[in-house]
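What follows is one structure encoded as structure tokens, with my remarks underneath.
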Amino acid sequence: MLKLIVTIDGPAASGKSTVARLLADRLGVSFLDTGAMYRAATLAAMRARIDMTNESEFLRIIESSKFQFSTEKGKTLVRLDGDDVTDEIRRPDVTANARYAASAPKVRARLVEMQRQIAAEKEKIVTEGRDQGTVAFPDANVKFFLTADAKTRAGRRQAEMPDTDKRRDIGQVRRDIEARDKSDQDREIGPLRPADDAIVVDTTKLSIEEVVQRLLEYVEGKC
Ligand code: DC
3 MLKLIVTIDG PAASGKSTVA RLLADRLGVS FLDTGAMYRA ATLAAMRARI
53 DMTNESEFLR IIESSKFQFS TEKGKTLVRL DGDDVTDEIR RPDVTANARY
103 AASAPKVRAR LVEMQRQIAA EKEKIVTEGR DQGTVAFPDA NVKFFLTADA
153 KTRAGRRQAE MPDTDKRRDI GQVRRDIEAR DKSDQDREIG PLRPADDAIV
203 VDTTKLSIEE VVQRLLEYVE GKC
């Protein structure tokens, strides 16, 4: 029986992954990075060279793949059919192709089901993504929605890119982020939006530590 679910949703590079990880750590609870699930499913589809616009094919690949997610030293470790794909799922081509999984209703439904299964096995969990407070866990105890302006988010995304990609033009990084915002917000199923009962936090001018402290205070105040 779950005793605590905290959801953190928000656009790309709003700081939610880092904040969610740290918050889970401070609270001593489990952590789920649902973006890693979309990325891993995308990589599986890319490896199988399927047409990613074909939902049934996508689902078939998800069902026939073995995904393992774990957290170690604050990092989400991902295995696909036994291979460590932790770094590979962050590649720009995987990031770009993740929109196919994200916009396919049946793929979303299957991944939400997997997210609920993972959460059901934990007593307490912080889960982050785009639709955690709205679709996956509408009854969560505490819901957050983190935002930050596009310029700040582009800077953050660039800083976390592998060395070979670091020199990518910041303007292009920003345009990619804005395109992703649009496709995240415009999809019919699980669009990116704050839940009605979410606490919205603008992280543009806040350090990671300040955001974590703020969230920690809300959770401790509420529970
Ligand atoms: O948070 P991220 O950048 O790792 O997310 C990767 C992709 O997955 C991105 O296209 C948004 C999508 N996503 C989603 O649609 N729903 C979620 N709950 C998490 C991620």
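To convert a position in the sequence shown, counted from 1, into my numbering, add 2. Note that the Cβ used here is the ideal one computed from N, Cα and C, for glycine as well.
Residue i CB to nearest heavy atom of ligand 1 below 7 Å
{"i": "Gly131", "result": "yes"}
{"i": "Ala36", "result": "It is Thr, not Ala, that sits at residue 36 in the sequence shown. The answer is yes for Thr36."}
{"i": "Asp151", "result": "no"}
{"i": "Ala14", "result": "yes"}
{"i": "Gln160", "result": "no"}
{"i": "Gly192", "result": "yes"}
{"i": "Arg176", "result": "no"}
{"i": "Gln134", "result": "yes"}
{"i": "Tyr40", "result": "yes"}
{"i": "Ala181", "result": "no"}
{"i": "Ala26", "result": "no"}
{"i": "Asp186", "result": "yes"}
{"i": "Arg101", "result": "yes"}
{"i": "Ala47", "result": "no"}
{"i": "Ala104", "result": "yes"}
Residue i and residue j closer than 8 Å at C-beta
{"i": "Ile179", "j": "Arg155", "result": "yes"}
{"i": "Val221", "j": "Val8", "result": "yes"}
{"i": "Val21", "j": "Leu148", "result": "yes"}
{"i": "Arg158", "j": "Gly12", "result": "no"}
{"i": "Gly135", "j": "Ala197", "result": "yes"}
{"i": "Asn99", "j": "Met163", "result": "no"}
{"i": "Glu231", "j": "Lys5", "result": "Given a span of 3 to 225 for the chain in the structure shown, any question on residue 231 remains unanswerable."}
{"i": "Val214", "j": "Leu25", "result": "yes"}
Nearest-angstrom Cα separation, counted from residue j out to residue i
{"i": "Asp183", "j": "Arg177", "result": "10 Å"}
{"i": "Ser209", "j": "Asp27", "result": "17 Å"}
{"i": "Asn143", "j": "Glu74", "result": "25 Å"}
{"i": "Glu211", "j": "Leu218", "result": "10 Å"}
{"i": "Thr129", "j": "Gln187", "result": "19 Å"}
{"i": "Gly41", "j": "Gly30", "result": "For clarity, residue 41 is Arg in the given sequence; the question names Gly instead. Looking at the two C-alpha atoms, the distance is approximately 26 Å."}
{"i": "Ala121", "j": "Arg170", "result": "37 Å"}
{"i": "Phe69", "j": "Lys153", "result": "34 Å"}
*Is the stretch 34 to 44 close to the stretch 111 to 130, with three or more CB pairs under 8 Å?*
Yes, since at least three Cβ pairs between the stretch 34 to 44 and the stretch 111 to 130 fall closer than 8 Å, the two stretches touch.
*Hey, which unbroken runs of the beta strand (DSSP E) at 3 residues or more fall wholly within the stretch 127 to 191?*
Listed in chain order, the complete beta strand (DSSP E) runs (minimum 3 residues) inside the stretch 127 to 191 are 144 to 149.
*Using 8 Å as the threshold, is the stretch 103 to 110 in touch with the stretch 56 to 66, meaning 3 or more CB pairs across them?*
Inter-segment contact for the stretch 103 to 110 and the stretch 56 to 66 is present: three or more beta-carbon pairs are separated by less than 8 Å.
*Can you list the alpha helix (DSSP H) stretches of 4 or more residues lying completely in the stretch 58 to 103, in chain order?*
none
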